[in-house]
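Sequential numbering from -3 applies to the sequence shown in our numbering.
No residue lacks a Cβ here, since even glycine has one placed at the ideal position from N, Cα and C.
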Amino acid sequence: MVRLTITLSDEHHRALKETAARRNTTIRRIIEESLDLYGVKTTESAAALVIAAAERSGLSDDDAMALAVEETRAERCR
């Protein structure tokens, strides 16, 4: 496991400590959960998710691309 030093405002540090105490957990766990919720993943982890989703979808590569293009265009028109 790697150590990381960060600089936080006193207000953020106090908020993290209070939240950890309220939840009966650690600051480290709160930060890890926040990273997970924010979608921070290693390249390998993200690639594994894409592969699993592709397998579950049952779509061919061409069909998946067509669907992605269609949904992207629809979103841009909103």
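For residue i, the first and last residue of its enclosing alpha helix (DSSP H)
i     : result
Leu63 : Asp57 to Cys73
Lys13 : Asp6 to Arg19
Val46 : Thr39 to Ser53
Val24 : Residue 24 is actually Arg in this sequence, not Val. That run of the alpha helix (DSSP H) goes Ile23 to Tyr34.
Same chain, Cβ closer than 8 Å to residue i, five either side skipped, listed in chain order
i    : result
Leu4 : Leu12
Proximity to residue i [Cα-Cα], best of the options
i       : options                       : result
Arg(-1) : Arg74, Glu7, Glu28 and Asp6   : Glu28
Met(-3) : Arg24, Arg74, Val65 and Ala49 : Arg24
Ser30   : Ala16, Thr68 and Ser41        : Ala16
Close Cβ partners of residue i (< 7 Å) along its chain, the five nearest in sequence each way excluded
i     : result
Ile26 : Leu12, Thr15 and Ala16
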